[in-house]
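Using this note's numbering, you'd call the opening residue of the sequence shown number 586 and step up by one each time.
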Amino acid sequence: MSLTWSAKDHKNTSQPAATGQKRSRNDPGNKVTVVLGAQWGDEGKGKVVDLLATEADFVCRCQGGNNAGHTVVVEGKEYDFHLLPSGIINSKSISLIGNGVVIHLPGLFEEGDKNEKKGLKGWEKRLIVSDRAHLVFDFHQVVDGLQETERQAQEGKNIGTTRKGIGPAYSSKASRTGLRVCDLLGDFKDFSMRFKNLVRQYQSMYPALTVDVEDQLKKLKEYSERLFNMELLNA
C-alpha cells in the first residue's frame, strides 16, 4: 500500500461537475490519494504511484518490507524498487518510509546505490525515514527460511515467502522485542545488548540458527553512520 498527498492549496468547490466532464489532472481537488491493491500482488501499484507522484509533494510508504517489488521504466531505464517508494524517481517530491514499514538496512542502501548508478541522483536527500520503523536483521531472513523448511517437513507445504525476513521481523515487533531505527541511532551499547538478547531468543527456538553477532553489529554501526546523514521523522 502506498500513500501520496499534495500540500498544495487546491481549490475546493461545492458545485458538481457537468455531466461527462473529466476532472483535471492538474487540479484533482483532493489532497490525499491512496493506492491500495486487491491483496493479490503484482497489480501494477508501483506504476500507478509513479504516475501520481508527478503531481505529489510527498510519496509515502506505510507498511511492508523489501519483499515487495516494483519496476518502473523511465526514458528506457529500468529502476527496481523494493523498499524505496517508487515515486522517488520524481526529483520534485519527497519520499517517506513510515513507521509501519520494516527496514532491512543492507537492502535499502544496496537498492538506492544500485538505482543511483542507473541515474537516480540525490535519492538520499529526497528520502525521509521514520525512526520508529522496525529493523529487519539478517538472522530474521535466516529464520524465515527455517520456518518455511519446517512447515514443508511438518505439513507437506509452505507459505512460499520470499524469505526476506518480513514475517519474523513483524513477529519481533508484535512481541515487543524488536529493534527500531531510533534504537540503532541511540546508545549503541544498549542496542548491542538488546540485539544479542534477540538473537539468543531466536536461537532458543531454532538451535540451527548461527549468527556472527560481532560482525553483524559492526555492519549495523556502519549503517547507523549513514542514517545520521539522512533526514529522519520522529513519528
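The C-beta atom is built at its ideal place from N, Cα and C for all residues, glycine as well. None of these values were measured; they are calculated from a predicted model.
Determine the DSSP secondary structure at residue i, reduced to helix, strand or coil.
i	result
E695	helix
C767	helix
Q762	The question names Gln, yet the displayed sequence has Thr at residue 762. Note: T762 maps to coil in three-state DSSP.
R608	Note that R608 scores 36 on pLDDT, short of 50, meaning its location in the model is unreliable; the coordinates nonetheless yield the value given after this. DSSP places R608 in coil when its eight states are reduced to three.
G654	coil
G649	strand
E816	strand
T734	helix
Which residues mark the beginning and the end of the alpha helix (DSSP H) in which residue i is found?
i	result
F776	773-790
K677	Note, K677: premise wrong, no alpha helix (DSSP H); not H, not E.
K630	630-637
Over what stretch of residues does the beta strand (DSSP E) that includes residue i continue unbroken?
i	result
R811	Segment 798-812 is the alpha helix (DSSP H) holding R811; no beta strand (DSSP E) there.
L668	Careful: L668 lies outside any beta strand (DSSP E) and carries neither H nor E.
R646	643-646
T747	Where T747 is concerned, there is no enclosing beta strand (DSSP E), given that its DSSP letter is neither H nor E.
T618	617-620
Would you grab the beta carbon distance between residue i and residue j for me? Rounded to a whole angstrom, and I think it's under 8 Å.
i	j	result
N684	A820	7 Å
D642	S671	Actually they are not in contact, since the Cβ atoms of D642 and S671 sit about 16 Å apart, beyond 8 Å.
F724	Y787	6 Å
I682	R646	5 Å
T746	D772	About 33 Å; that fails the 8 Å criterion.
M815	E709	6 Å
E696	F722	Not confirmed; about 17 Å, so no contact.
Task: Runs of alpha helix (DSSP H) lying entirely within the segment 683-730, each at least 4 residues, in chain order - done: Correct list: 690-702.
Open item on the list: For the segment 715-722 against the segment 760-771, do three or more pairs of beta-carbon atoms, one drawn from each stretch, fall closer than 8 Å, so that the two count as touching?
Closed with: Output reads yes: the segment 760-771 touches the segment 715-722.
TODO: Pair every Cβ in the segment 701-711 with every Cβ in the segment 725-737, then say whether three or more of these pairs are closer than 8 Å.
DONE: no
TODO: Could you tell me whether the segment 682-699 touches the segment 642-657, where touching means 3 or more Cβ pairs closer than 8 Å?
DONE: yes
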